[in-house]
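Chains A and B, in that order, give the protein sequences. Sequential numbering of the first sequence, starting at 1, is according to our numbering. Sequential numbering of the second sequence, starting at 1, is according to our numbering. We put the beta carbon where it would ideally sit given N, CA and C, even for glycine. This structure is a prediction, so every number in the text was calculated from the model and none was measured.
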Amino acid sequence: MLEIKNLYKTFNAGTINEKQALKNINLTLNNGDFVSVIGGNGAGKSTLLNAIAGSFKIDEGSIFLDGTDVTNMLEHERAKFLGRVFQDPMRGTAGNMQIEENLALANRRGQKRTLKWQLKQEERNFFKEQLRQLNLGLEDRLETKVGLLSGGQRQALTLLMATMKKPQLLLLDEHTAALDPKTAKIVLDLTVNLVEKNQLTTFMVTHNMKDALRYGNRLIMMNEGEIILDVSGEDKKKLTVNDLLDLFNQTGELNDSMILG
Amino acid sequence: MSIVFALNIGSLFRSFPGNIAQGMIWGIMALGLYISYKLLNFSDLTVDGSLSTGACVTVMLIIAGVPALPAVLIAFLAGCLAGCVTGILHTVLKIAPILSGILTQIALYSINLHILGNKANQALNINEYSLLLSLRNVNMAILVILAFAVVLIGILYWFFGTEIGSSIRATGNNEQMASAQGINTNHTKVIALSLSNGIVALSGGLLAQYQGYADVGLGRGAIVIGLAAIIIGSVLFENIHKKDLNFAVALSSAVVGGILYYIAIGIVLWLKLPTNDMKLFTAILVAIFLSVPHLSFKKGKGVTNARD
Chain A
1 MLEIKNLYKT FNAGTINEKQ ALKNINLTLN NGDFVSVIGG NGAGKSTLLN
51 AIAGSFKIDE GSIFLDGTDV TNMLEHERAK FLGRVFQDPM RGTAGNMQIE
101 ENLALANRRG QKRTLKWQLK QEERNFFKEQ LRQLNLGLED RLETKVGLLS
151 GGQRQALTLL MATMKKPQLL LLDEHTAALD PKTAKIVLDL TVNLVEKNQL
201 TTFMVTHNMK DALRYGNRLI MMNEGEIILD VSGEDKKKLT VNDLLDLFNQ
251 TGELNDSMIL G
Chain B
1 MSIVFALNIG SLFRSFPGNI AQGMIWGIMA LGLYISYKLL NFSDLTVDGS
51 LSTGACVTVM LIIAGVPALP AVLIAFLAGC LAGCVTGILH TVLKIAPILS
101 GILTQIALYS INLHILGNKA NQALNINEYS LLLSLRNVNM AILVILAFAV
151 VLIGILYWFF GTEIGSSIRA TGNNEQMASA QGINTNHTKV IALSLSNGIV
201 ALSGGLLAQY QGYADVGLGR GAIVIGLAAI IIGSVLFENI HKKDLNFAVA
251 LSSAVVGGIL YYIAIGIVLW LKLPTNDMKL FTAILVAIFL SVPHLSFKKG
301 KGVTNARD
């Protein structure tokens, strides 16, 4: 589904702030994989996600999505393969637009946009059906502006928008980090629900080791731009927070939210 | 008080139709500005130039024998071209929004002089040419401008409800989200800026016919007047309506705002305040109206509380 070969990225090359963010990344995600990616600050996990999404040009290597070489594709061109949820709940939705307008934009991801009138009744019915799965009562608020929703509601809506039109790969960038613990749990459960229902291949960056262990069939740990651990299946199930802490201690990268989270 | 009584109320009322006509023309300009300022969230200073371009193109075409309506439509296209240049400066050459607009505006000054045949202004005599409107017949002019405003609002209402129009609104609202939904934000920006400046140029074409001449300096400060119209209209309508405005109503509010602005100007002139201070007055007025929503939000109530 996703294939990354010999990926390198250096920011601010040739300056005093030079930072080698990704070093020789090789990664293959199989159909239906749910990968949790952990690592300390600056380990490169979000950078790797953004490289897949096309937020910047990579220095070397290649990226394939669903067999297509997307290395030279721009961000909006790759969008047809990708569903994305950001850390900041404000970034995934348009706050001044209505819930149904946001959904209509998402329902046309990867399609050519025309001069056809955007919203039709049958599409509204479809949106209502989709919103009902969130259990947030949003199906009765189609014309509410998204800016009036709470962070958790917005994140749930973003999740729906990212998965409604089935993406080849779902990219989650610490998408519960900005939410309170209770809301974070709701959004994570919803994530698992939607992923299972649509059988999505998922790449989830997280700060939280417990979440990384609890969710997904595969776990990747990064440090200083490299993948230092890649376990899946039974091996992953046996993994504990202590194992991960040991690994972190060896690499010297640790922060409070990983342990407390 | 004695000053007020010394003024002739009748002359104030007689000035109203003219103010309404002019205010509506600027209201149409504000419709164009609404696209860049409100929908795209792009402070586009191109408009100062493209308004004059519209006036110059219209006047020269009419003098060359082109009927008035096609002349105005060609002016619209000329404005689109100007907006397109600003859009390309910003999206392809990565120049900051305000600077992109200023560069096009400055360039247009020379271009407008060329359009006028290397003159700073050009008269357009209603006795020699058949015009769509003129200040000779203000009531008729108001009807013509009203027709333009209604048709434009209708077209804009439709366009921004289409898939392309919605992607423009998404771009202005949250560019990151638009990109993630597969929208090419460079395209949407160029389309929006073209359309915006096209409408501004069209209003310039109407203004030139109304006052009977085109002038390269016609658009100087246009963005401030357009902003005044948008802001006066939206503050007023939102405080009457107390909830989100329907898009067509929001557009109409800009036209009404233009009229109110010109009536305010009329009153200032009638009070015999020095006309040299007009720009100062406009700037203060816009600053006040720009700050009103924030002041009233703090109180958590309507605009009337800002004074409490």
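Report buried or exposed for residue i, applying the criterion of at least 16 other Cβ atoms within 10 angstroms of its Cβ.
i	result
E18 (chain A)	exposed
P364 (chain B)	Lying outside 1 to 308, the shown extent of chain B, residue 364 (chain B) is not represented and no answer is given.
S110 (chain B)	exposed
P274 (chain B)	exposed
A96 (chain B)	exposed
R169 (chain B)	buried
N12 (chain A)	exposed
E174 (chain A)	buried
V70 (chain A)	buried
G49 (chain B)	buried
T171 (chain B)	buried
M177 (chain B)	buried
Q121 (chain A)	exposed
K9 (chain A)	buried
L290 (chain B)	exposed
M140 (chain B)	exposed
G257 (chain B)	buried
H114 (chain B)	exposed
G217 (chain B)	exposed
R78 (chain A)	buried
L170 (chain A)	buried
What residue does the alpha helix (DSSP H) around residue i start on, and which one ends it?
i	result
L89 (chain B)	A68 to T91
L259 (chain B)	For the record, residue 259 (chain B) in the displayed sequence is Ile; it is not Leu. Start and end: F247 to W270.
A21 (chain A)	Note, A21 (chain A): premise wrong, no alpha helix (DSSP H); beta strand (DSSP E) at K19 to L29.
N96 (chain A)	Note, N96 (chain A): premise wrong, no alpha helix (DSSP H); not H, not E.
T171 (chain B)	E163 to N173
T185 (chain B)	T185 to Q211
V47 (chain B)	V47 to I63
F160 (chain B)	No alpha helix (DSSP H) holds F160 (chain B); DSSP gives it neither H nor E.
V235 (chain B)	A222 to H241
F11 (chain A)	Taken as a continuous stretch (DSSP letters only), F11 (chain A) belongs to no alpha helix (DSSP H), being part of the beta strand (DSSP E) at L2 to F11.
L115 (chain A)	Unbroken run through L115 (chain A): none, as it is neither H nor E.
R109 (chain A)	Unbroken run through R109 (chain A): none, as it is neither H nor E.
T251 (chain A)	V241 to T251
Just reading off the beta strand (DSSP E) that residue i is part of, what are its end residues?
i	result
V231 (chain A)	E226 to S232
F34 (chain A)	F34 to G39
R218 (chain A)	R218 to N223
I126 (chain B)	No beta strand (DSSP E) holds I126 (chain B); DSSP gives it neither H nor E.
S62 (chain A)	E60 to L65
G217 (chain B)	Where G217 (chain B) is concerned, there is no enclosing beta strand (DSSP E), given that its DSSP letter is neither H nor E.
One question on the structure: do residue i and residue j come within less than 8 Å of each other, judged by their Cβ atoms?
i	j	result
G83 (chain B)	G226 (chain B)	no
G219 (chain B)	G205 (chain B)	no
L159 (chain A)	L194 (chain A)	yes
S52 (chain B)	N112 (chain B)	yes
M222 (chain A)	A43 (chain A)	yes
A21 (chain B)	I153 (chain B)	no
I343 (chain B)	A149 (chain B)	Outside the displayed span of chain B (1 to 308) sits residue 343 (chain B), for which this structure offers no information.
E163 (chain B)	R113 (chain A)	yes
A184 (chain A)	V85 (chain A)	no
R109 (chain A)	K80 (chain A)	yes
G23 (chain B)	Y210 (chain B)	no
L133 (chain B)	I35 (chain B)	no
L136 (chain A)	A156 (chain A)	yes
Distance, Cα to Cα, residue i vs residue j?
i	j	result
K145 (chain A)	N239 (chain B)	18 Å
S130 (chain B)	I25 (chain B)	19 Å
P167 (chain A)	K242 (chain B)	40 Å
E139 (chain A)	G67 (chain A)	37 Å
A75 (chain B)	L202 (chain B)	6 Å
I186 (chain A)	N50 (chain A)	25 Å
G165 (chain B)	N186 (chain B)	14 Å
G79 (chain B)	A147 (chain B)	20 Å
K94 (chain B)	L39 (chain B)	20 Å
F34 (chain A)	N217 (chain A)	6 Å
G87 (chain B)	D215 (chain B)	25 Å
G39 (chain A)	N174 (chain B)	29 Å
L2 (chain A)	L61 (chain B)	59 Å
L65 (chain A)	Q98 (chain A)	32 Å
I106 (chain B)	V47 (chain B)	11 Å
G32 (chain B)	L156 (chain B)	10 Å
V303 (chain B)	M278 (chain B)	Low per-residue confidence applies at V303 (chain B): pLDDT is 40, beneath 50, and the placement is therefore not dependable, though the value from the model is reported in the following sentence. Cα to Cα, V303 (chain B) sits roughly 25 Å from M278 (chain B).
S253 (chain B)	G182 (chain B)	33 Å
Problem set entry | Entirely enclosed alpha helix (DSSP H) segments - the segment 124 to 181 of chain A, minimum 4 residues | Here the runs fully enclosed are 151 to 164.
For this session: Return the chain-ordered ranges of every alpha helix (DSSP H) run that is complete within the segment 95 to 153 of chain B and spans a minimum of 4 residues.
Result: Within the segment 95 to 153 of chain B, the complete alpha helix (DSSP H) runs of at least 4 residues are 97 to 115.
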